[in-house]
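K.L.:
Going by mature numbering (1 follows the signal peptide of the UniProt record, and there is no 0), the letters in the sequence shown line up with residues -21 to -1, 1 to 225, in that order. Quick reminder that beta carbons are idealized off the backbone N, C-alpha and C, glycines included. For reference, the structure I am asking about is given below.
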Amino acid sequence: MRKKIFAGLVGLIGTALIAGACNIKFDNKGKTITPKGDAITETRNIGTFDKIDVEDAFNIHYKAGIPTDGLTIEAAPNLMEYIVTEVTDGELSIRLKDRYSIHDGKIVITVGSPTLKAVEMSGACALNVEGELTGDRLDLDLSGASSVNLTGRLRALDINASGASGIKLKGSGEEFTLSCSGAVGCDASDFITQCTEVSVSGTASVKINASESVRGDLSGISSLENYGASSNDKITTSGMSSYKHK
């Protein structure tokens, strides 16, 4: 019995020493990794994609309209093995290994593709688009404290945002559909669209630029400001929500 207890203690001590050397902290929610050392750059080969799914705290630099030629990751050396980047059925998934999280670290991923049709983001991730997105349609699904900054010329843009997401848009489009709740902030005052449809609730604050028509509903203490020249505005407000045509 004493031998078994001693062996168990040795195993626990060994695990603790290994975790300490790797800067990994264990708790009942999973494993937290603290970055160690100066950031390095790693290049990975990936397949072609036109959709992106991002979880956790990543900074994504997306280069619009270029051939997919792998991706680069900038992060502390001890974080690399925990970063998952894989393409399945045309979707690039970027996340940490299951039950791992990063403490006070920055991970920057640079990637590009000829086209982009959909982006789904959750957690505290950020997407910055370099260049101009073009195409028929782009769908954005944002939650948590995610943020997006892009310029595009699209036929249709559809955004579903919740939590404390932040959105900055420039460019133009024919159709713009926006549904947001929580404390979302969306500045699309420089994104000129013909027809805009919105559903805004909570404390969300939205700016748009509709040249022909805007319709939708506002609730809670949300606000909508229209900087466009639309003459066909059909907005329903409730609670303490407000609509202003600048």
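Between the alpha carbons of GLY142 and SER220, how many angstroms are there, rounded?
P.N.:
Spanning the two alpha carbons is a distance of roughly 18 angstroms.
K.L.:
Can you name the residues that DSSP bridges to MET100?
P.N.:
According to DSSP, MET100 bridges with VAL33, LEU121.
K.L.:
Measuring CA to CA, which of ASN57, ARG78, GLY91 is closest to ARG71?
P.N.:
Before going further, note that residue 71 is Leu rather than Arg in the sequence given. Closest option to LEU71, Cα to Cα, is GLY91.
K.L.:
On the CB-based measure, 16 or more other CB atoms within 10 Å of its CB, does MET100 come out buried or exposed?
P.N.:
By the neighbour-count rule (16 or more Cβ atoms within 10 Å), MET100 is buried.
K.L.:
Looking only at its chain, what residues have a beta carbon closer than 6 angstroms to the beta carbon of GLU34, apart from the 5 residues adjacent to it on each side?
P.N.:
Same-chain partners within the cutoff: ARG74, SER101, GLY102.
K.L.:
For a minimum of 3 consecutive residues, which ranges assigned as the beta strand (DSSP E) are wholly contained in the segment 36 to 85?
P.N.:
Correct list: 38 to 43, 50 to 54, 62 to 67, 70 to 75, 79 to 81.
K.L.:
Helix or strand or just coil, what does DSSP make of TYR222?
P.N.:
The answer is strand: DSSP assigns TYR222 an E or B state.
K.L.:
With distances taken from CA atoms, which of LEU95, ILE45, GLY26 is nearest ASP118?
P.N.:
Out of LEU95, ILE45, GLY26, LEU95 has the C-alpha closest to the C-alpha of ASP118.
K.L.:
Only counting runs of 3 or more residues, tell me where the beta strand (DSSP E) segments fall wholly within the segment 132 to 179, in order along the chain.
P.N.:
Fully enclosed beta strand (DSSP E) runs of 3 or longer: 145 to 159, 164 to 179.
K.L.:
Give me the Cβ distance between GLY44 and GLY110, rounded to the nearest whole Å; I'm assuming they're in contact under 8 angstroms.
P.N.:
Indeed, because the Cβ distance is near 6 angstroms, the residues count as touching under 8 angstroms.
K.L.:
Can you tell me whether ALA208 is buried or exposed, with buried defined as 16 or more other CB within 10 angstroms of its CB?
P.N.:
Its Cβ having fewer than 16 others within 10 Å, ALA208 is exposed.
K.L.:
Just to confirm, is the Cβ distance from ASP120 to LEU133 under 9 angstroms?
P.N.:
No; because the gap between Cβ atoms is not below 9 angstroms, this pair is not in contact.
K.L.:
According to the Cβ coordinates, are LEU197 and PHE170 closer than 9 angstroms?
P.N.:
In this structure, PHE170 does not lie closer than 9 angstroms to LEU197 by Cβ.
K.L.:
Nearest by alpha-carbon distance to ASP17: which of ARG23, PRO56, THR64 is it?
P.N.:
Out of ARG23, PRO56, THR64, PRO56 has the C-alpha closest to the C-alpha of ASP17.
K.L.:
Expressed to the nearest angstrom, what Euclidean distance is found between the alpha-carbon atoms of LYS10 and GLU53?
P.N.:
Their backbone Cα atoms lie some 21 angstroms apart in a straight line.
K.L.:
Report buried or exposed for GLY131, applying the criterion of at least 16 other Cβ atoms within 10 angstroms of its Cβ.
P.N.:
It counts as buried.
K.L.:
Taking the beta strand (DSSP E) that LYS186 falls in, what are its first and last residues?
P.N.:
184 to 197 is the span of the beta strand (DSSP E), which, as asked, contains LYS186.
K.L.:
Leaving aside the five residues before and after ASN38 along the sequence, list all residues of the same chain whose C-beta is less than 8 angstroms from its C-beta, in chain order.
P.N.:
The residues are LYS85, ILE86, VAL87, ILE88, CYS104, ALA105, ASN107.
K.L.:
Under the rule that 16 or more other beta-carbon atoms within 10 Å means buried, what is ILE19, buried or exposed?
P.N.:
So ILE19 counts as exposed.
K.L.:
Indicate the three-state DSSP secondary structure (helix, strand or coil) for ASP17 in the structure shown.
P.N.:
Coil.
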